[in-house]
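**Q**
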Amino acid sequence: MSEGVGAAAPGLSDASTKSRAARGKASPKGAARPSKPGNTARVRSLVLHALVLVIAAIIIVPIAFGVLGGFKDNGQLSNNPFGLPSPWVTSNYTDILVAEEFWRPLFNSTLIAVATTVVVVGVSAAAAYIFARFAFRGREFIFTLFAVGLMFPFAVAILPLFILLRTLGLLNNPLGVILPQAAFGLPVTIIILRSFFRTIPAEVEEAATLDGCTPFGFFWRVLLPMARPALATVSVLAIVASWNNFMLPLVVFNDPSWWTVPIGVRQFQGQYSDDTAKVLAYVVLAMVPALGFYAIAERQLIGGLATGATKG
Amino acid sequence: MSHSADQITAPRPSQTAAAPAPVKSQKRQGRRWLTITLFLLPALVLFGVLVLLPMLLAMYTSFFDWNGLGGRPTDFIGLENFQRLLTDDIFLGDLKRGGLLIVLSLLIQLPLSLGIAMLLNQKLRGRGFYRLLFFVPYVLSEVITGVLFTMVFSPNRGLAEHIFGWFGFDDVGSTWLSDPNTVMYSLFFVMTWKYFGFHMILYLAGRQSIPNELIEAAQVDGAGSWQAFRHVTLPLLGPTIRISIFLAVIGTIQLFDLVWVLTGGGPLHASETLAVTMFNDGFRRSDIGYASATSIVMLLISLVFALGYQRFIMRRDIEGAITVMQDKK
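Those protein sequence lines, which keep their order, are chains A and B. Residues in the first sequence are numbered consecutively from 1, following the working numbering. Residues in the second sequence are numbered consecutively from 313, following the working numbering.
1) With a CB to CB cut of under 7 Å and the five nearest residues on each side skipped, what residues in its chain are close to Thr-564/B?
2) In angstroms with no decimal places, state the Cα-to-Cα distance between Trp-258/A and Ser-521/B.
3) DSSP state of Pro-366/B, grouped into three classes?
4) Touch check for the region 125–143 of chain A and the region 334–353 of chain B: three-plus C-beta pairs under 8 Å?
5) Which class does Ala-295/A belong to by DSSP, given the choice of helix, strand or coil?
6) For the region 251–269 of chain A, list every residue whose C-beta sits within 7 Å of some C-beta in chain B, in sequence order.
7) Could you name the residues of chain B that Leu-161/A contacts, counting a contact when the two beta carbons are closer than 8 Å?
8) Comparing the C-beta of Ala-238/A with each C-beta of chain B, is any distance below 8 Å?
9) In the DSSP assignment, what are the bridge partners of Phe-388/B?
10) For the alpha helix (DSSP H) that Val-361/B lies in, which residues bound it at each end?
11) To the nearest angstrom, how far is it from the Cα of Phe-595/B to the Cα of Met-247/A?
12) Which bits of chain A does Glu-454/B rub up against, with CB to CB less than 9 Å?
13) My output table needs one value for Ile-200/A: the three-state DSSP class, helix, strand or coil.
14) Inspect the beta-carbon positions of Gln-181/A and Ser-242/A and report whether they are closer than 8 Å.
15) Is DSSP giving Leu-46/A helix, strand or coil here?
16) Assuming Leu-574/B and Gly-458/B make a contact with CB atoms under 8 Å, what is their CB distance in whole Å?
17) Assuming Gln-271/A is part of the alpha helix (DSSP H), what are its boundary residues?
18) Where does Ile-522/B sit, in a helix, a strand or coil, going by DSSP?
19) Please list the partners that Asp-491/B has in chain A, where partner means a Cβ-to-Cβ separation under 7 Å.
20) Should Val-283/A be flagged as near chain B, meaning a C-beta pair shorter than 8 Å?
21) Buried or exposed, going by whether 16 or more other CB atoms sit within 10 Å of the CB of Pro-81/A?
22) Applying the 10 Å Cβ sphere with the 16-neighbour rule, what's the burial state of Arg-443/B?
23) Check for me: the alpha helix (DSSP H) holding Pro-551/B runs from which residue to which?
24) For Leu-165/A, which residues in the same chain have their Cβ closer than 7 Å to its Cβ, ignoring the five residues on either side in sequence?
25) Could you check if Asp-406/B is buried or exposed, using at least 16 other CB atoms within 10 Å of its CB as the buried criterion?
26) Taking 6 Å as the limit between beta carbons, can you name the residues of its chain near Phe-102/A, skipping five residues before and five after?
27) Please state whether the Cβ-Cβ distance between Ser-374/B and Pro-153/A is less than 8 Å.
28) Hey, Trp-488/B and Phe-508/B: beta-carbon distance below 8 Å or not?
29) What residues from chain A crowd round Ala-370/B, counting only those whose CB sits closer than 8 Å?
30) For the region 44–104 of chain A, which segments carrying the alpha helix (DSSP H) assignment without a break, of at least 4 residues, lie completely within its bounds, in sequence order?
31) Can you tell which of Ala-208/A, Ala-50/A and Pro-62/A has the C-alpha that lies nearest to the C-alpha of Leu-436/B?
32) With DSSP as the reference, label Glu-528/B as helix, strand or coil.
33) Taking its Cβ as the centre, do 16 or more other Cβ atoms sit within 10 Å of Thr-40/A, making it buried, or is it exposed?
34) Look at the Cβ atom of Asn-592/B, then the Cβ atom of Gly-578/B, and state whether they are nearer than 8 Å.
35) Using 8 Å as the limit for Cβ to Cβ distance, is Gly-66/A near chain B?
36) Express the C-alpha separation of Leu-46/A and Met-503/B in angstroms, rounding to a whole number.
So, in C-alpha cells, the structure goes:
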C-alpha cells in the first residue's frame, strides 16, 4: 500500500502530502483503492466539491435572480437584490400566464418546430437512404455538396432569403420560416442518418428484397423502424434548433400573431423596458418549455450534439 | 449470412432472375435510377433553392449598389463594395473584435471547459446532477440568455452591480454593457456562461472513450495526476480538442443572436460583429449590396478557416474521432 501512496502523492498538493503520514488511517474504501489514501482523498474531495459548487453557483445565480426577481416588484429589485422576495408578488407571473402574448408565441414556436422537424427528418431520411445504400456516379459529389453546407453561415443567406421569401409571398407565413430552417438542417441530419443507415447489414436488405420488398417498402417498413434511435436524435436536434432560431423569424414575421418565443421575449423586453420584474417573469416562464424538453430528451440531445459535432 | 430465412428464400428468385437477363436488368436499372431520383429530389430542391441559391445571390448582389427595391439589382459596381470594406472602421473593428473573442475563447473558455470536464470525471457525489446542471445554459436560447443577462448587468436593478459592490468596485458595476472598454469582456463572460457546457460535454465524451487502464498504468509507473493528465489524457483527447476548437472558432465568426440581444452591437459599435454589421446595413439602412459584401467576407473567412483547419489540423484524426464518439454510451 505504501508504494501506491508514494506513487500517487507527487500529483497532489504539498499540504496534503505532509499530513498524509500523520493521519494514515485509511477508510475501508481507501484501503481498497491504494492510490487514494483516506486523508489526501478527503482534502482532494473537499477541494473538488468547493470548485464544483462555485461553478454551480455561477450557473444558478443568474437564473435564480430571474426566478426570484419575477416574484418581486421593482422597488424590491433595487433595494433587496439577493434576499427572498418580501412580500412575494405573484402578479408578474399570473398576469403573463393569462396573457395571449405569452401563449401565442408558445403555440407558434411549437407548430414551427414540429413542422420543421417533420420536413427535415423526412426529406433527409430519404436522401440519406440513397447516400447510404445506392452506389452511383456523382454520389460523392452530391454528398459533399450537402456536407459543405454545414459550413455556410446562416447569416450569409439571410438577405437573399428575405428577398426570395418576399418575392414568393412567404413573409408573415410560417412556411417562410419552416422551409429555410429545414433546408439549413439538411446537412447535419443527412450526415447523421447516413452513417446510421450504413451500419444496418446488407443481409437485412437482401432478405427484405427477396421477400418482395420494393426499395420504398424496405425504406418505410424496415429501415425507418430500425433507425428509431437515430431518428429520435436528429429530431431532438431539429426541434431545439428551430425553437431557438432568432434571426429568421425576426425578419420574416412582422405580424405579432406569428411571433415565436425568442421574438416574443425580445419584444416583451422592449415593451416593458422599465418594468424589470415583469420582464424577468416572462423570461423565466419562457425558459420552462426548453428546460422541460431537456429533462425529457437529455440523452438524445447530448448524444446527438456529440455525434453531430464530430461528424461535421 | 447464416440466417435461415435467407437460405429458404434464396433459390426462388435466383432461378427467375437468371433467365431473362438483358431486358430485365435494363428495366431494373431504370427503376433504380427512378428510385434514386425520387428519394434525392426533395432534398436537392430544398437545399438548392433555400441554401445554395441564396449563397449565390449574396455573391452576385455583393457586386452591386442596391437598396433592395425593384426586382433585381442593376447598378453593377464591381469590387467597389469590397474596397469600401477595407477602409470601413466598423468592418475592420469587427475583424479585430472577432479575433479577440476567438483568442479569449481558446485561452479561457475551452481550457475552463476542459478543466470542468476533468473535474466531473472524478469520483464526486452528485456529479450526474452537476453534468446536467452545467449543460442547462446551453439549452436556453441565445435570446433568453441575452435578455436575462441584460437584466443581470442592468445599472439599477441588476445583480452584477451589487456583487461588485461587495468587493468595493462600485464605479464599474453599472457600466458593464454601456462602457466600450468593458463591453467585449461582458459579452465574452456571457458567451462562456452559455457555451462552456457544450464543450464540457464533448470533452467528457472524449474522456470516457479513453480506457482508465492507460491512466492507471501511467500512475503505477510513477506519474502524478498532473503528469498523467499532461502526457496521457491530453494527447488522447487531441481529436476532441481539435473539434471543439473548430466549433468555437466557427461559432464566433458567425456570432449574432447573443450580441444583438445583449448590446445590439453598441455602445458606438464597440461590440459589433460581422453578422451584426451585415444585419444593420442590410435591414436597417437597405444597403443590400454592401451588406452582401460583408456577408461574403464572413463566408470566405469561414470556408478558408474550415478547409484549412481540416486540411492541416484535423485530417489525420477525423476517422479516429468519429469512431471514438460512436463508442461512447
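Each residue gets a CB set at the ideal place from its N, CA and C atoms; glycine is no exception.
**A** According to the structure shown:
1) Locating residue 564/B in the second sequence gives position 252, where the first residue counts as 1. Contacts found: Gly-410, Leu-413, Ile-414 and Ser-417.
2) Your numbering for residue 258/A matches position 258 in the first sequence. Your numbering for residue 521/B matches position 209 in the second sequence. So the two alpha carbons sit approximately 45 Å from each other.
3) The sequence position of residue 366/B within the second sequence is 54, counting from 1. Pro-366/B falls in the helix class under three-state DSSP.
4) With a cut-off of 8 Å, the region 334–353 of chain B and the region 125–143 of chain A count as touching, because enough Cβ pairs lie within range.
5) Stepping through the first sequence from its first residue, residue 295/A is reached at position 295. The answer is helix: DSSP assigns Ala-295/A an H, G or I state.
6) From the region 251–269 of chain A, only Val-251, Pro-262, Val-265, Arg-266 and Gln-269 have a Cβ closer than 7 Å to chain B.
7) Position 161 of the first sequence, counting from 1, holds the residue named residue 161/A. The answer, in chain order, is Leu-362 and Pro-366.
8) Here residue 238/A refers to the residue found at position 238 when the first sequence is read from its first residue. Not one chain B Cβ lies under 8 Å of Ala-238/A.
9) Within the second sequence, residue 388/B is the residue found at index 76, counting from 1. Per DSSP, Phe-376/B.
10) Sequence index remark: in the second sequence, residue 361/B carries index 49 (1-based). It is not in any alpha helix (DSSP H) - Val-361/B carries neither H nor E in the DSSP assignment.
11) Residue mapping note: residue 595/B aligns to position 283 of the second sequence, counting from 1. Residue mapping note: residue 247/A aligns to position 247 of the first sequence, counting from 1. Approximately 12 Å between the Cα atoms of the pair.
12) The count along the second sequence starts at 1 and reaches residue 454/B at position 142. What Glu-454/B touches in chain A: Asn-244, Phe-246 and Pro-262.
13) Indexing the first sequence from 1 puts residue 200/A at position 200. Correct three-state label for Ile-200/A: coil.
14) As a first step, residue 181/A must be located in the first sequence, where it is residue number 181. As a first step, residue 242/A must be located in the first sequence, where it is residue number 242. The answer is yes: Cβ separation under 8 Å.
15) Start at 1 with the first residue of the first sequence, and residue 46/A comes out as number 46. Residue state, collapsed to three classes: helix.
16) Sequence index remark: in the second sequence, residue 574/B carries index 262 (1-based). Sequence index remark: in the second sequence, residue 458/B carries index 146 (1-based). That pair is a contact at about 5 Å.
17) Within the first sequence, the letter at position 271 stands for residue 271/A. Here the alpha helix (DSSP H) through Gln-271/A covers 261–271.
18) The sequence position of residue 522/B within the second sequence is 210, counting from 1. In the three-state reduction of the DSSP assignment, Ile-522/B falls in the coil class.
19) Reading the second sequence from its first residue, position 179 is the one you call residue 491/B. Ordered by position in chain A, no residue passes the 7 Å Cβ test against Asp-491/B, which lies about 20 Å from the chain.
20) Taking the first residue of the first sequence as position 1, residue 283/A is located at position 283. Closer than 8 Å to some Cβ of chain B, the Cβ of Val-283/A qualifies, so yes.
21) For the purposes of this step, residue 81/A is taken as residue 81 along the first sequence, with counting starting at 1. Pro-81/A is buried by the Cβ-count criterion.
22) Looking up residue 443/B in the second sequence gives position 131. Counting Cβ neighbours within 10 Å, Arg-443/B comes out buried, since at least 16 surround it.
23) Residue 551/B sits at position 239 when you count from the first residue of the second sequence. Unbroken alpha helix (DSSP H) run through Pro-551/B: 550–565.
24) In the first sequence, residue 165/A corresponds to position 165, counting from 1. Hits under 7 Å: Leu-171, Gly-176 and Val-252.
25) Taking the second sequence and counting its residues from 1, the one referred to as residue 406/B is at position 94. It counts as buried.
26) Reading the first sequence from its first residue, position 102 is the one you call residue 102/A. These residues qualify, in order along the chain: Ile-96.
27) Counting from one through the second sequence, the residue named residue 374/B turns up at place 62. Counting from one through the first sequence, the residue named residue 153/A turns up at place 153. No.
28) Locating residue 488/B in the second sequence gives position 176, counting from the first residue. Locating residue 508/B in the second sequence gives position 196, counting from the first residue. The answer is no: Cβ separation not under 8 Å.
29) Your numbering for residue 370/B matches position 58 in the second sequence. Near Ala-370/B (Cβ distances below 8 Å), the residues of chain A are Val-156, Ala-157, Leu-159 and Pro-160.
30) 74–79 and 91–97, all fully within the region 44–104 of chain A.
31) Position 124 of the second sequence holds residue 436/B. Answer by Cα proximity: Ala-50/A.
32) In the second sequence, residue 528/B corresponds to position 216, counting from 1. If DSSP states are grouped into helix, strand and coil, Glu-528/B belongs with the helices.
33) Along the first sequence, read from residue 1 onward, the residue named residue 40/A stands at position 40. Buried.
34) Taking the first residue of the second sequence as 1, we reach residue 592/B at position 280. Taking the first residue of the second sequence as 1, we reach residue 578/B at position 266. In this structure, Gly-578/B does not lie closer than 8 Å to Asn-592/B by Cβ.
35) Here residue 66/A is taken as the residue at index 66 of the first sequence, counted from 1. Yes, its Cβ sits closer than 8 Å to a Cβ of chain B.
36) Within the second sequence, numbered from 1, the residue matching residue 503/B stands at position 191. Within the first sequence, numbered from 1, the residue matching residue 46/A stands at position 46. Roughly 29 Å between the two C-alpha positions.
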